[in-house]
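In this note's numbering, the protein residues as written are 1 to 206.
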């Protein structure tokens, strides 16, 4: 149902035993569990996809290409690192090539950017600025939304704002399900070669 796009950890840290992406993995697990609760748990079905390979030369696996070409919602975790990642830009490009059928002729998007780490939003590439970011509203406490906007999801984790974190992730799961039910993103019958994908963050300009 969703594809989680994120900037992978620094290979030097990984080789030294630092689990750079553990917060992303924790988000993925909780988000997947929430989505499964909302749509029903089906045997053998995973509600989301997250690429866990760290070797850039092996990044474009058939599994990754198929997931980006068939998922219903593309969820990029926006951070300064993601905006400099050629791989993440190419994942964005692949998903953007797909046709969206909203059933009423409206132009929609199934790209749902999430504030992951504090980022200078004024300097975002145009392709990112043009998409409305995820907002967790309504929430029982408006401070939750303000904390998310200021710190990003990973900041909530690092600052031990667990109640806010869980509320934001629950709202994110609800939004993913709502988007997937509102329209259908047509799968790509012919998967492009990785060399055909564009680095849209740099080609589009700031």
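Think of the CB as a built atom: it goes at the ideal place given N, C-alpha and C, for glycine as much as any other residue.
Note that the coordinates shown come from a computational prediction; the quantities given were computed from them, not determined experimentally.
Could you please give the first and the last residue of the uninterrupted alpha helix (DSSP H) stretch that includes residue i?
i: residue 168; result: 162-182
i: residue 123; result: Where residue 123 is concerned, there is no enclosing alpha helix (DSSP H), given that its DSSP letter is neither H nor E.
i: residue 92; result: 86-96
i: residue 143; result: 142-158
i: residue 62; result: 62-70
i: residue 198; result: Element bounds for residue 198: n/a, residue is neither H nor E.
Can you check DSSP and say which residues form a bridge with residue i?
i: residue 48; result: 2
i: residue 75; result: 4
i: residue 114; result: 77
i: residue 101; result: 184
DSSP three-state label for residue i, please.
i: residue 16; result: For residue 16, the pLDDT reaches just 41, beneath the cut-off of 50, and the residue's location in the model is therefore unreliable, although a value from the coordinates is still provided. Correct three-state label for residue 16: coil.
i: residue 56; result: Any reading at residue 56 must be qualified, since the residue scores a pLDDT of 49, below 50, and its modelled position is unreliable; the value itself is stated next. Helix, per DSSP.
i: residue 185; result: strand
i: residue 130; result: coil
i: residue 135; result: coil
Short check: CB of residue i to CB of residue j, under 8 Å?
i: residue 133; j: residue 3; result: no
i: residue 75; j: residue 5; result: yes
i: residue 24; j: residue 77; result: yes
i: residue 88; j: residue 195; result: no
i: residue 38; j: residue 177; result: yes
i: residue 154; j: residue 168; result: no
Judging by CA-CA distance, which residue of the options is the nearest neighbour of residue i?
i: residue 116; options: 172, 131, 79 and 42; result: 79
i: residue 146; options: 67, 101 and 164; result: 164
i: residue 201; options: 190, 72 and 127; result: 127
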